[in-house]
Amino acid sequence: MKIFVLLSALSILILSTSDCHSKKEKGAKCKGRLEIKGICYNYTIKLLEGDIDTAKIAANWIDESSGKSYTNVFGLTDPCSFPSSIKEGEEFYFSVHDAKLKSCIVCEAYYPAPPRSLLIKVFDK
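Throughout, our numbering is defined as the position within the sequence shown, counted from one, plus 15.
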């Protein structure tokens, strides 16, 4: 009986500790930082922690406005789902999604953004 309880507790512990390092992308918890909060939601996010397919983010990208170089960055596929309270330089946790979360009207002003973008859902703190 003790072995059954011990194995059950161990199973629950293993299953509950899954995060971006143990799950592949979709739904996994990753950590990012808002690098650039450009006009009209032309945001650049840097992947700090997590296991996202490198083909889906820009390994190296240069902001043509500032000349600054960035690594492991991406833009937003659905900018309206990104919280406006997050400031440039602020870190946050997110997961990658397939379906659109919100739709809204976004202006067409241009600011450089990475060539790749992801649909993400930001977690509350």
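The C-beta atom is built at its ideal place from N, Cα and C for all residues, glycine as well.
Taking Cβ positions, are residue i and residue j nearer each other than 8 angstroms?
i: S100; j: A43; result: no
i: G53; j: L63; result: no
Would you identify the three-state DSSP class for residue i, choosing helix, strand or coil?
i: K136; result: strand
i: C122; result: coil
i: I60; result: strand
i: E40; result: In this prediction, E40 has a pLDDT of 46, which is less than 50 and means its spatial position is unreliable; what the coordinates show is noted afterwards. E40 falls in the coil class under three-state DSSP.
i: K83; result: coil
Since I believe residue j is in contact with residue i (beta carbons under 8 angstroms), could you give me their beta-carbon distance rounded to a whole number of angstroms?
i: N75; j: Y126; result: 19 angstroms between Cβ atoms; not a contact.
i: A124; j: G90; result: About 14 angstroms separates the two Cβ atoms, so there is no contact after all.
Using a 10 Å radius around the Cβ and a threshold of 16 neighbouring Cβ atoms, would you call residue i buried or exposed?
i: C122; result: exposed
i: I120; result: exposed
From residue i to residue j, what does the alpha carbon distance come to, in whole angstroms?
i: L134; j: T86; result: 19 angstroms
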